[in-house]
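Data block below; observations after.
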Amino acid sequence: AQSVTQLGSHVSVSEGALVLLRCNYSSSVPPYLFWYVQYPNQGLQLLLKYTTGATLVKGINGFEAEFKKSETSFHLTKPSAHMSDAAEYFCAVSNAGGTSYGKLTFGQGTILTVHP
Amino acid sequence: KAGVTQTPRYLIKTRGQQVTLSCSPISGHRSVSWYQQTPGQGLQFLFEYFSETQRNKGNFPGRFSGRQFSNSRSEMNVSTLELGDSALYLCASSFGNEQFFGPGTRLTVL
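Respectively, the protein sequence lines represent chains A and B. Heads up: the first sequence is residues 78 to 193, going by the working numbering. Heads up: the second sequence is residues 14 to 123, going by the working numbering.
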C-alpha cells in the first residue's frame, strides 16, 4: 500500500519569498512521484514528476523538487513566490512499472496563499 | 492536441437517482482513470480502464461502476445516489507514466 502525507494544509508566504511545500511518502516498491496544482474550479495540472534518474527535478513555473529516498520525501520549492502561485498543491505517488501507472495516491493537499 | 474533456460540467441530482458521467481522453491515450474529490476525503482513486478493461480499482462500493469504449472514451455510473456522493469527479488520461486531467464534473446530490 502507498500513502502520501503533506505537512501543513495551509502555507502562507509573501510575494518574492521562498515557497516550500512538504511531502513525505510511503511505498513498498520504487515510487513515481508527482506534484500537481489545482486552481479554483479547475482540474489538476502537472507541475513536475520524478520517475528515475536525477533526483532534483525541475518543473513548470519555476518549481522544483528533490527526491530523497533516505527521507522518503519529495518537497516542492520555488525561490520566489508570485501572486499567481496561489492555488492548492497536491503531492501524489504511483508504483513504478507494471500496470499501476493509472492509479495515483494523493496527499490531502496544501493551500498556498501569497501575500503582496 | 485537445485536452481531456468531461461532460457534463455540472449536474444536480436527487437521492436515489443514478447518474452517468462521460470522459473523452486525449487522442492516442488508452488509459483512463477516475477520481473523486471531496473536501473531507480529498482525492480518491475510483478505477482505471485500459483498452476497455478495468485494470485497477479503488475502495468504493459497487454503486460506482465504469466502462471504456473501443475509442477509449469512458463513462462512469453511480447508482442509488447518496448525499455523500456530492463531489468533483475528475477523469485523467495517460500515456506512459503521466496523467492529464480534465476539468471535472461537479455533482451535487440533493
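Quick reminder that beta carbons are idealized off the backbone N, C-alpha and C, glycines included.
Residue i versus residue j - alpha carbon distance
i, j, result
"VAL88(A)", "TYR48(B)", "25 Å"
"THR187(A)", "ARG99(A)", "9 Å"
"LEU34(B)", "VAL170(A)", "26 Å"
"ASN138(A)", "LEU124(A)", "8 Å"
"MET89(B)", "CYS168(A)", "25 Å"
"PHE183(A)", "SER80(A)", "7 Å"
"LEU189(A)", "TYR113(A)", "13 Å"
Within chain B, partners of residue i - CB distance below 7 Å
i, result
"PHE183(A)", "GLY55, LEU56"
"GLY120(A)", "LEU103, PHE114, GLY115, PRO116, GLY117"
Amino acids of chain A, ordered along the chain, whose beta-carbon sits closer than 8 Å to that of residue i
i, result
"PRO74(B)", "The contacting residues do not exist; PRO74(B) stays about 18 Å from chain A at best."
When the options are compared against residue i, the one with the closest alpha-carbon
i, options, result
"GLY115(B)", "ILE39(B), CYS104(B), LEU24(B), ALA15(B)", "CYS104(B)"
"GLN54(B)", "HIS42(B), ILE39(B), ALA100(B)", "ALA100(B)"
"SER86(A)", "SER87(B), THR66(B), PRO52(B), ARG119(B)", "PRO52(B)"
"LYS146(A)", "LEU121(A), PRO107(A), VAL114(A)", "PRO107(A)"
"THR154(A)", "ALA142(A), ASP162(A), SER103(A)", "ALA142(A)"
"TYR23(B)", "GLN119(A), LEU110(A), LEU97(A)", "GLN119(A)"
Contacts of residue i in chain B (Cβ-Cβ under 8 Å)
i, result
"TYR109(A)", "ASN110"
Beta-carbon contacts of residue i that lie in its chain and below 6 Å, excluding the five residues immediately before and after
i, result
"GLN83(A)", "CYS100, CYS168, GLY184, GLN185, THR187"
"LYS126(A)", "PHE111"
7 Å Cβ shell around residue i - same chain, five flanking residues per side excluded
i, result
"GLN81(B)", "VAL45, TYR62, GLU65, SER87"
"GLN57(B)", "TYR48, GLN49, GLY71"
Chain-ordered chain B contacts of residue i [CB-CB under 9 Å]
i, result
"PHE167(A)", "GLY55, LEU56"
Proximal residues, the region 81-112 of chain B versus chain A, C-beta separation under 8 Å: LEU103, ALA105, SER107, GLY109, ASN110, GLU111, GLN112
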